[in-house]
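J.: Pasting a structure below so you can have a look.
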Amino acid sequence: MKLKLAQRFALVLAAVGILGAGLSGYYAYHASRELLLRAAEERLLTSTRVLMRQVVTALQKGSQDVLLLASHPRTVAALTAATGPERAAAENDIAALFVAMLKTRPDIYQLRLITAAEHGMERIRVDRDEAGLLRVGGDELQEKGHYPYVYETLRMPRGSVFVSNPVINHERGAHAGEDKPSVHLATPIHAANGVPIGLIVLNADLDSVFRMLTSDLPGGIGLYLTNGLGDFLLHPDASQAFAFDRGKRILVQDQFPATARLFDGQTEHVVTTATPDAASVAAFIRQPLNPPQDNESFVLGMSQPTAAVLSDSDALGTAILRIVFAFSVLSLVLATLLARAVTEPLNQMVSAVQRFTAVQERVPLPIDRQDEIGVLARSFDEMQQKIEMQMGTLQAKQRELDHLASHDPLTGLPNRRVFLDRVEHALARAQRTESRVAILFIDLDHFKEINDNLGHAVGDLMLLAVADRLRTTVRAADTVARLGGDEFIILVEDVESLDAVAMVARKIIEALAHPVWYQDQSLAVGASIGIAIFPQDGASTTEVIARADQAMYRAKLAGRNRYCLASEASGDTHTIPLDL
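Here this note's numbering = 1-based position in the sequence shown + 580.
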């Protein structure tokens, strides 16, 4: 039987409607999958960059520590003293400095002063072991001249820092660091004539760096760290890390072939889904070390299962299929009566879906209609709302990652990276306006006893109380940051006089002297504060902070619970009489 024109037109219109709905649903589904994949790649790359900055910051902190120790005048005296008593006194001073640093830096296994003479004999050595800190002496001191971190460091110019390849430490008698993943940081010590006479060596705990990197990662995220050759140092499967120490080679290039471009020098970052099983999205960044080790580097990467990335698209696909099915049924039933009426809103919805998937811009839909077209329009609107909610969730997670990258997770204070950025801006303003800036380096007294005796939960409670008191003590325009452990640092801008800064230090010491009550126990900590003023105590951020750090150690060594100005004589400190 020959169909009438109206019937043919209705069938064509129904077919067009079904085809349009199907194509729109297919396009929206695949576009949403592509959006989710691209968003996951950007999120992973951004997160990898954030974690890479934390790794670089940790290395910079270790480099600053060895440079600080090498620049200490007693270090040179310990290597060049003419008499035995004089040398012994200098060695005792440096050993005390080593102990003080190890107490505040639990991520350091060992500190050593090694002479360039006597085949690289250890002069001063302080180790961490299960019982605490141990100064090694006498016949237990060893010759280390055959180790690369000794002879390569001695070839480096003054102010350079040698960073060894991360390895499992097999050095005999390393106490807590033995058979643990570690890295050596070393800097040479030169005599007045420029000849290298020794070096400072810091043995850092890589496990603490690994814990820092993985502590705040959401579930399902895989984290990878490799050396400059691609050997895994950190892997979600612990058996694949440090395989070269067991005589095997497990390389990131084999598991993620696209990363080969990082090691060829073609690019500094790679984002890929081309894994052997195509089951994950991954991002990797290559970070070279500073001169003179430009040929050395390490690679940090993160991965997320593709199924987890696209899980939301599955629900969206089901919703799209329901919409297409509903529209197909409606098109078949109403096409003969509403051919012309259906064409316009259908085209409007197809255009809306295409615009939304292309530029994420929502346009008005006929959702107020009380017919099937209105049902379809509201379904499309619901789909758009779901996609917007998913994108909002992704953006919220991104903001959370950004906050974690810039703030201390316990106290909510700015972290080292944010603080250094603010100091750089403050110093630039001070240079333009010829004003002064103060840095207050704060180390808590007696915190370790509370943390060790009562547990980390009580220690965290004390840190929160200290952070809250520091916020309320300084001005709103000043910056309070936590460097890690029980170290805090404060940036004070527009300093009018040393008395004004000293008053801030006194207020801080008085505020922290008030006890914190925990389960009917009165817990109290003190504060040792070092103060450095820009520009008189240093011309750069590194110099001013280093001077403040040195002044803090002087205050600590002088008896604690006091402050010390970097510009004062080495024996001058200021105690605060407390009557609480």
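For each residue, glycine too, the CB sits at the ideal point set by N, CA and C. Fair warning: this is a prediction, and the values are worked out from it, not measured in the lab.
Are the beta-carbon atoms of residue 900 and residue 822 separated by less than 7 Å?
T.: no
J.: Reducing DSSP to helix, strand and coil, say where residue 768 ends up.
T.: strand
J.: Here's a check: name, in chain order, each residue in its chain whose Cβ is nearer than 6 Å to the Cβ of residue 981, leaving out the five neighbours to either side.
T.: 627
J.: Ignore the nearest five residues each way along the sequence and tell me which others in residue 671's own chain have a CB closer than 7 Å to its CB.
T.: For residue 671, where only same-chain residues beyond five positions count, the Cβ hits under 7 Å are 658, 703 and 704.
J.: Does the beta-carbon of residue 1073 have 16 or more other beta-carbons within 10 angstroms, so that it is buried, or is it exposed?
T.: buried
J.: Flag this pair as yes or no: are the beta carbons of residue 623 and residue 978 separated by less than 7 Å?
T.: yes
J.: In this structure, how does DSSP classify residue 1159 when only helix, strand and coil are distinguished?
T.: Residue placement at residue 1159 is poorly supported in this model, since its pLDDT is 47, which falls under 50; the coordinates still yield a value, given next. Coil.
J.: Taking DSSP as the reference, what is the three-state secondary structure of residue 585?
T.: Here the model assigns residue 585 a pLDDT of 45, short of 50, so the residue's position is not dependable and the matter cannot be decided.
J.: Under DSSP, the alpha helix (DSSP H) around residue 733 begins and ends at which residues?
T.: Taken as a continuous stretch (DSSP letters only), the alpha helix (DSSP H) holding residue 733 covers 728 to 734.
J.: Exposed or buried, what is residue 606 when buried is set at 16 or more other beta-carbons lying within 10 Å of its beta-carbon?
T.: exposed
J.: What separation, rounded to the nearest whole angstrom, lies between the Cα atoms of residue 830 and residue 1067?
T.: Approximately 39 Å between the Cα atoms of the pair.
J.: Please classify residue 847 as buried or exposed, where buried requires at least 16 neighbouring CB atoms within 10 angstroms.
T.: exposed
J.: Alpha carbon to alpha carbon, how far is residue 741 from residue 643? Give it in angstroms, no decimals.
T.: 6 Å
J.: Check the C-beta distance from residue 617 over to residue 850 and give it rounded, since I have them as a contact under 8 Å.
T.: Wrong, their Cβ atoms sit about 15 Å apart, outside the cutoff.
J.: Between residue 1097 and the rest of its own chain, which residues show a CB-CB distance below 8 Å, the 5 nearest in sequence each way excluded?
T.: 1103
J.: Determine the direct distance from the alpha carbon of residue 1014 to that of residue 640, and round the result to whole angstroms.
T.: 29 Å
J.: Should residue 717 and residue 699 be called a contact, given that it needs their Cβ atoms to be closer than 7 Å?
T.: no
J.: For residue 1148, tell me which candidate among 1111, 868, 679 and 684 has the shortest Cα-Cα distance.
T.: 1111
J.: Could you check if residue 1159 is buried or exposed, using at least 16 other CB atoms within 10 Å of its CB as the buried criterion?
T.: With a pLDDT of only 47 at residue 1159, under the threshold of 50, the placement of this residue in the model should not be trusted; the figure read from the coordinates follows. An exposed status is given to residue 1159, since fewer than 16 other beta-carbon atoms sit within 10 Å of its beta-carbon.
J.: Could you tell me which residues DSSP puts in a beta bridge with residue 723?
T.: Residue pairing by DSSP places residue 723 opposite 701 in a beta bridge.
J.: Between residue 848 and the ligand FMN, is there a pair consisting of the residue's CB and a ligand heavy atom that are separated by less than 6 Å?
T.: This structure does not include the ligand FMN; it has no bound ligands of any sort.
J.: Are the segment 807 to 821 and the segment 1005 to 1013 touching by the rule of at least three beta carbon pairs closer than 8 Å?
T.: no
J.: Please identify the residue among 1115, 816, 1124 and 646 whose C-alpha is closest to the C-alpha of residue 1069.
T.: 1124
J.: According to DSSP, simplified to helix, strand and coil, what is residue 642?
T.: Three-state result, residue 642: helix.
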